[in-house]
Amino acid sequence: MPRVRAKTDRATQRDQIMTISLTARALLLASAVALAPAALPAAWAETPAETLVVAATIDDIISLDPAQSFEFSGNDVTQSLYDRLVDFDPLALDKGFQPSLAESWEVSEDGKTITLTMKEGVKFQSGNPVRAEDAAWSLQRAVKLDKSPAFILTQFGLTPDNVEQMVKADGNKLTITMDQPYAESFVLNCLTASVASVVDKETALQHVEGDDLANTWLTTNGAGSGPYSLGAWRPNEAVQLIANDAYWGGAPAMKRVIVKNVQESSAQRLQLEKGDIDVARNLTPSDVEGLAGNDAIKVIDEPRGRILYMGMSQKDPLLSQAPVQQAMRHLVDFDGMANSFLKGQWKVHQAFLPEGYLGALDQNPWKYDVEAAKKILTDAGITSGTITTKVRDLREYLDVAQTLQASMAQAGLTLNIEQMTGAQVLDAYRAREVPIFLGEWGPDYADPNTNASTFAINPDNAAEKGSTLAWRNSYDVPKAMQDKVIAATLEGDSEKRKAMYMDIQTEYQASAPILPLFQRVEQNAMQKGIEGWSAGGAVTSVMYHKVTKGQ
């Protein structure tokens, strides 16, 4: 979630971040690798053998409490601190769900209750046993706190008032009762999300302040059973993770992971080439190309779940006309952009489900054809018109907008570009004041409903407030399409469910005024000896515990 929805609250939530304790600071400064750039040696031959040093942009971290964390960088951390009840291999989704803290599960005959049996002998980093009671309390806690990611659980009919009755522990079994017989895959996908992480109840309860359920303490501390514990977090500077050698899944090879906040691509590249870091996560296409021929460095391409899309507001008198919407499908120079300034980091993808998700559609029917667009407009009696876009001041967004501006001009349409900060654009977008929106959407959880429910659900288009992308673009989604989206959450047969999402996307491509354009491809550059690295694929977060370092 980089997620538009999560980041909008950053300004108000940042004040809640607590200063790292003196003990944690001392630990941080005593690390084998210094975190602050000023403390780094002028040059290193290599990083320590059992320490993984990563450079990334991590200034979006607000909280490390899994019930609150909803940003890409924050979830990268909680992925390592905590375990969830079930899991999957993001790069081998065909293997299906895998046991994690729950060794097995079964669904009741009416489809409304799922019972999970906990794995025996697993311990939290504190030494406390992991119990069904901890899992139940963790889910109850997330619902009661009602932070940004809580909707992933509340969409099953769980509320702060009923969650203690709906989520219960009995011995080594956890039962979750829902308001409808949702598809098993839908439920399990949501239980792999960070918000469903299992927290050490006994440890957390020692740090409760008022009715915060330890939220303040867990913002800067960990209480999980994951492969790493939290060494320290210095906002806007670095995160340090310490290996949990007693981890039930096997001790990590990297005894320490340090993620430094390095904003500039050129700075990440320089540190990588000098050997000061092991992995660089935010290189521009030009910096990636600049590494070609360096035998000491390799680049791993990994499709992510983020979709770059164009929303056409149906409040705009020109964009609300079907011929204009159809013409716009031919005015996007997909291949031209993908082969130039987006090269290597975005690929053409014209469906709202990213590759890697159940039901992802691998069809790109729209082709760049200015003459076809001109004919559609001329046949409709449209020979001119002016539209405005408000664009976040990021180079790739501006480049997309300017390319679109040039092609629209050839078809007789004028596109005015207003450059704004990200916060300004989001404020205007949430107020439905952006005629053409160009930006990204990141899935909130690893189930196709995460995107279907925002691109193709708008229960009340006349409402003064709404949160879905359809509402923000004033798209009055046909009821039949919305009914199909809801029906897909209740279909128990995964193959049938997959086909339902593919049908929905095909229909959406033909008629919706919101056009998915590209899917993000993350290019991680790293020292040649790094093995086992995964940024998490399209459906999850980075994983460090499988990483090894060789020569």
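Per the numbering used here, the sequence shown starts with residue 1, numbered consecutively.
Beta carbons: idealized from backbone N, C-alpha and C, even for Gly.
Continuous alpha helix (DSSP H) stretch holding residue i: start and end
i           : result
residue 446 : Where residue 446 is concerned, there is no enclosing alpha helix (DSSP H), given that its DSSP letter is neither H nor E.
residue 371 : 370-379
residue 274 : 265-274
residue 134 : 132-145
residue 429 : 422-430
residue 397 : 395-410
residue 469 : 469-472
residue 486 : 479-488
residue 78  : 72-81
Outcome for residue i when other beta-carbon atoms lying within 10 angstroms are tallied against a minimum of 16
i           : result
residue 276 : buried
residue 392 : buried
residue 390 : buried
residue 395 : exposed
residue 493 : exposed
residue 307 : buried
residue 473 : buried
residue 136 : buried
residue 208 : exposed
residue 454 : buried
residue 7   : Because the pLDDT at residue 7 is just 35, under 50, the model does not fix this residue reliably, and the point stays unresolved.
residue 458 : buried
residue 114 : buried
residue 147 : buried
Extent of the continuous beta strand (DSSP E) run through residue i
i           : result
residue 561 : This structure cannot speak to residue 561, because the chain is shown only from 1 to 551.
residue 498 : Run containing residue 498: none in the beta strand (DSSP E); it sits in the alpha helix (DSSP H), 494-511.
residue 346 : 346-348
residue 387 : 385-392
residue 312 : 297-312
residue 260 : 256-261
residue 516 : 514-527
residue 53  : 51-56
residue 116 : 113-118
Candidates the options, of which the one nearest residue i by Cα
i           : options            : result
residue 204 : 66, 310, 490, 340  : 66
residue 431 : 409, 451, 468      : 468
residue 433 : 300, 317, 329      : 317
residue 196 : 73, 101, 284, 419  : 101
residue 471 : 240, 324, 461, 212 : 461
residue 225 : 312, 122, 210      : 122
residue 271 : 246, 257, 297, 256 : 297
residue 449 : 143, 233, 488      : 488
residue 443 : 358, 365, 480, 362 : 358
residue 220 : 480, 427, 477, 69  : 69
residue 302 : 97, 360, 53, 540   : 540
residue 292 : 273, 451, 334      : 273
residue 116 : 267, 175, 187, 412 : 175
residue 126 : 374, 324, 245, 92  : 245
residue 507 : 369, 529, 365      : 365
residue 447 : 305, 242, 173, 157 : 305
Any non-hydrogen atom of the ligand PLP closer than 7 Å to residue i Cβ
i           : result
residue 304 : The ligand PLP is not part of this structure, which contains no ligands at all.
Using 8 Å as the Cβ pair cut-off and three pairs as the minimum, do the segment 513-520 and the segment 340-352 touch?
-> yes
Which full runs of the beta strand (DSSP E) of 3+ residues lie inside the segment 166-195, going along the chain?
-> 167-170, 173-177
Contiguous beta strand (DSSP E) assignments of at least 3 residues, all confined to the segment 190-248 = 228-234, 238-243
Decide yes or no for the touch test of the segment 144-162 against the segment 121-134: beta carbon pairs closer than 8 Å, at least 3 of them.
-> no
Segment contact flag, the segment 236-254 with the segment 540-548, C-beta cutoff 8 Å, min 3 pairs | yes
Are there three or more Cβ pairs, one per stretch, closer than 8 Å when the segment 527-544 is compared with the segment 73-89?
-> A contact between stretches requires three or more CB pairs, one per stretch, nearer than 8 Å, and the segment 527-544 meets this requirement with the segment 73-89.
Would you say the segment 160-174 touches the segment 406-420, given that touching needs at least three Cβ pairs under 8 Å?
-> no
Hey, is the segment 406-415 in contact with the segment 325-335, meaning 3+ C-beta pairs nearer than 8 Å?
-> Three or more beta-carbon pairs drawn from the segment 406-415 and the segment 325-335 are found closer than 8 Å, and the two stretches are therefore classed as touching.
Sufficient close CB pairs (3 or more, under 8 Å) joining the segment 258-266 to the segment 55-64 = The segment 258-266 is in contact with the segment 55-64.
Using 8 Å as the Cβ pair cut-off and three pairs as the minimum, do the segment 84-103 and the segment 182-198 touch?
-> yes
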